[in-house]
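What follows is a set of notes on a single structure, which appears directly below.
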Amino acid sequence: MFLKHNAFFEHVSSVFIQTGAYMKNSTFPLNLIEKSFTFLLLPILCLGYSTDAGSADKIKLTPTMPADVQILHINPTEKHKIIGVISVKKTFLDDLQKPREAVENELKEQAAALGGEAIINIVEERTHITGAVIVFTSVETVNTKENAPPTQVAKAPAPAPEPGIDEEEDASADEMEEDTSPVDEKMDTAEPTIKPRAESESTNMPAGFLPGQTVKGWLHMYVSANIWYTHPGKILTTNYHSGKIIPIGTMVNVKIGRQDTVFTLFEGKGKFRIIHARKHNPSYNMSQWANYYFSGTDPMKKLGQFNELERKNILAGKLEVGMSKDAAVMAYGVPPSHRTSALFKNIWIYWIGKRETVKVQFENDRIVKIDPPMH
Numbered sequence: 355m356f357l358k359h360n361a362f363f364e365h366v367s368s369v370f371i372q373t374g375a376y377m378k379n380s381t382f383p384l385n386l387i388e389k390s391f392t393f394l395l396l397p398i399l400c401l402g403y404s405t406d407a408g409s410a411d412k413i414k415l416t417p418t419m420p421a422d423v424q425i426l427h428i429n430p431t432e433k434h435k436i437i438g439v440i441s442v443k444k445t446f447l448d449d450l451q452k453p454r455e456a457v458e459n460e461l462k463e464q465a466a467a468l469g470g471e472a473i474i475n476i477v478e479e480r481t482h483i484t485g486a487v488i489v490f491t492s493v494e495t496v497n498t499k500e501n502a503p504p505t506q507v508a509k510a511p512a513p514a515p516e517p518g519i520d521e522e523e524d525a526s527a528d529e530m531e532e533d534t535s536p537v538d539e540k541m542d543t544a545e546p547t548i549k550p551r552a553e554s555e556s557t558n559m560p561a562g563f564l565p566g567q568t569v570k571g572w573l574h575m576y577v578s579a580n581i582w583y584t585h586p587g588k589i590l591t592t593n594y595h596s597g598k599i600i601p602i603g604t605m606v607n608v609k610i611g612r613q614d615t616v617f618t619l620f621e622g623k624g625k626f627r628i629i630h631a632r633k634h635n636p637s638y639n640m641s642q643w644a645n646y647y648f649s650g651t652d653p654m655k656k657l658g659q660f661n662e663l664e665r666k667n668i669l670a671g672k673l674e675v676g677m678s679k680d681a682a683v684m685a686y687g688v689p690p691s692h693r694t695s696a697l698f699k700n701i702w703i704y705w706i707g708k709r710e711t712v713k714v715q716f717e718n719d720r721i722v723k724i725d726p727p728m729h
């Protein structure tokens, strides 16, 4: 059973909205929506639960402090009463030998019996599932208009559905919907000047650059996956591969928000805005998406773990048969999740433009086919 919430839980979001907490294993500051749950304060506020297999097909909850907990997307217009937290190890999910859907349904039923909602978050480490986190909460919508009638209890967001189109079909028939987000004209007036770093420059760091630290409101980071852009003021998380490239290793100043991320070049001239295209990326929020593209660790130092073919293509921004998934992400970024719902899958669909796609097929973590081939 879960412990009932106490007075501390009534307004967790508002109490900790100013907390400068950081996501575990990440140098990204949490945005205002995600500051509600922090690794420093969450264990104090609620009793966590880990999962053990009580029998071959049942979930048994045992009290423990939350471990490997990832931050969940919390709506600031709702106040949340935390009922409990579960940290699920991948080994447990494997041992349970039940489909993911069955596990989710069982957890939702338990939450409903407690008068709450189960917000389920599958945790990925780059390209592989490492576990899952479930937060049980009851949610009451806070009315933002004065004297407006009270709103009924709001349901927590459901997990993103699987794409309705078979991933094995020919992706060339797809057509991406037009995105109507405005271009930030202030960022579009000056042509950025970017100096790509050579692999041999991995130890060079300019004076004043403090990777992973916030300086005057900006986070000093490295670009950890190549970013394509046509307009600096409108780079969509759809990850269109047209225009120019901001190469890996570029040192930048970053501000990650709820709907967009703004960054400037630490060296050189240029300001950019990345807009979260929800329709094309339902599986990621802005912070999760940014986790693939910005890092406090110099990616140029990581190149040594790849073979010569992978290093060449990462620096060139290309894909080639034989590359690993990690190398593909660094070279080409993350495919939009409305067609590639998770990176552990073996078919990835990238968009070159609105009507042009590339299908990448993996076997044993390596690219075995690219359709159409890249030149």
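Each residue of the sequence shown is one higher than the last, beginning at 355 in this note's numbering.
Idealized CB from N, CA, C, for every residue including glycine.
Checklist line | Run of the beta strand (DSSP E) containing Lys-713, from where it starts to where it stops | finding: Here residue 713 is taken as the residue at index 359 of the sequence shown, counted from 1. Segment 710-717, the beta strand (DSSP E) holding Lys-713.
Check: So Asn-607 is in the alpha helix (DSSP H); what residue range does that whole segment cover?
Finding: Position 253 of the sequence shown holds residue 607. It is not in any alpha helix (DSSP H) - Asn-607 instead sits in the beta strand (DSSP E) that spans 605-610.
Checklist line | For Leu-663 and Ile-721, believed in contact at Cβ under 8 angstroms, the rounded distance | finding: Along the sequence shown, read from residue 1 onward, the residue named residue 721 stands at position 367. Along the sequence shown, read from residue 1 onward, the residue named residue 663 stands at position 309. Contact flag wrong, Cβ pair sits at about 10 angstroms.
Notebook entry, point to check: What does a CB cutoff of less than 8 angstroms around Asp-614 pick up in its chain, not counting 5 residues either side in sequence?
Noted result: For the purposes of this step, residue 614 is identified with residue 260 of the sequence shown, where counting begins at 1. The residues are Arg-627, Ile-628, Ile-629, His-630, Met-640.
Margin query: Can you tell me whether His-729 is buried or exposed? The criterion is at least 16 other CB atoms within 10 Å of its CB, across all chains shown.
Written below: Looking up residue 729 in the sequence shown gives position 375. It is exposed - the Cβ of His-729 has fewer than 16 other Cβ atoms within 10 Å.
Next item on the list: Apply the 10 Å Cβ neighbour rule to Ala-336 and answer buried if 16 or more other Cβ atoms are within range, or exposed otherwise.
Entry: Since the first residue shown for the chain is 355 and the last is 729, residue 336 is missing from the structure and cannot be characterised.
Note to self: As a quick exercise: from Pro-636, Tyr-583, Tyr-647, Pro-601, pick the residue whose alpha carbon is nearest that of Val-608.
What the structure shows: Counting from 1 along the sequence shown, the entry for residue 608 is found at position 254. Of Pro-636, Tyr-583, Tyr-647, Pro-601, the residue nearest in Cα terms is Tyr-647.
Next item on the list: Can you tell me which of Lys-655, Lys-625, Thr-591 puts its alpha carbon nearest to the alpha carbon of Tyr-638?
Entry: Walking along the sequence shown from the start, residue 638 turns up at place 284. If we check each option's Cα against that of Tyr-638, Thr-591 comes out closest.
Notebook entry, point to check: Taking Cβ to Cβ, would you say Ser-649 is nearer than 9 angstroms to Met-575?
Noted result: Residue 649 sits at position 295 when you count from the first residue of the sequence shown. Residue 575 sits at position 221 when you count from the first residue of the sequence shown. Yes, Cβ-Cβ distance for Ser-649 and Met-575 is below 9 angstroms.
Next item on the list: Check Leu-673 in the structure and name its three-state DSSP category.
Entry: Position 319 of the sequence shown, counted from the first residue, corresponds to residue 673. It is coil, neither helix nor strand.
Next item on the list: From the DSSP output, in three-state form, read off Ile-589 for me.
Entry: Numbered from its first residue, the sequence shown carries residue 589 at position 235. In this structure, Ile-589 counts as strand in the three-state DSSP scheme.
Check: Secondary structure at Asp-725, three-state DSSP: helix, strand or coil?
Finding: Working through the sequence shown from its first residue, we reach residue 725 at position 371. Looking at Asp-725 - three-state DSSP - the assignment turns out to be strand.
Notebook entry, point to check: Which residue from Tyr-583, Pro-653, Gly-687 puts its Cα closest to that of Met-559?
Noted result: Translated into positions along the sequence shown, residue 559 becomes position 205. Nearest C-alpha to Met-559: Pro-653.
Check: For His-595 versus Tyr-704, is the C-beta distance shorter than 9 angstroms?
Finding: Working through the sequence shown from its first residue, we reach residue 595 at position 241. Working through the sequence shown from its first residue, we reach residue 704 at position 350. Yes, they are a contact pair.
Check: Nearest to Asp-680 by alpha carbon, out of Asn-718, Leu-564, Val-569?
Finding: Counting from 1 along the sequence shown, the entry for residue 680 is found at position 326. Among Asn-718, Leu-564, Val-569, the Cα nearest to that of Asp-680 is on Asn-718.
Checklist line | Asn-667 burial status per 10 Å Cβ neighbour count (16 or more: buried) | finding: Taking the first residue of the sequence shown as 1, we reach residue 667 at position 313. Result: buried.
Item checked: Own chain residues within Cβ distance below 6 angstroms of Thr-694, not counting five before or after -> Numbered from 1 along the sequence shown, position 340 holds the residue referred to as residue 694. Trp-702, Ile-703.
Next item on the list: Can you say whether Ala-644 is buried or exposed, counting buried as having 16 or more other CB atoms within 10 angstroms of its CB?
Entry: Position 290 of the sequence shown, counted from the first residue, corresponds to residue 644. By the neighbour-count rule (16 or more Cβ atoms within 10 Å), Ala-644 is buried.
Margin query: The alpha helix (DSSP H) that contains Lys-656, what's its start and end?
Written below: The count along the sequence shown starts at 1 and reaches residue 656 at position 302. First-last of the alpha helix (DSSP H) with Lys-656: 653-656.
Item checked: C-alpha gap between Asn-743 and Val-675, whole angstroms -> The chain is shown only over 355 to 729; residue 743 falls outside these bounds and no answer can be derived.
Notebook entry, point to check: Given a threshold of 16 other Cβ atoms within 10 Å of its Cβ, counted over all protein chains shown, does Pro-601 qualify as buried or as exposed?
Noted result: If you number the sequence shown from 1, residue 601 lands on position 247. Buried, because 16 or more other Cβ atoms sit within 10 Å of the Cβ of Pro-601.
Item checked: Identified DSSP bridge partners for Tyr-576 -> Counting from one through the sequence shown, the residue named residue 576 turns up at place 222. DSSP output for Tyr-576 lists Met-605, Ser-649 as bridge partner(s).
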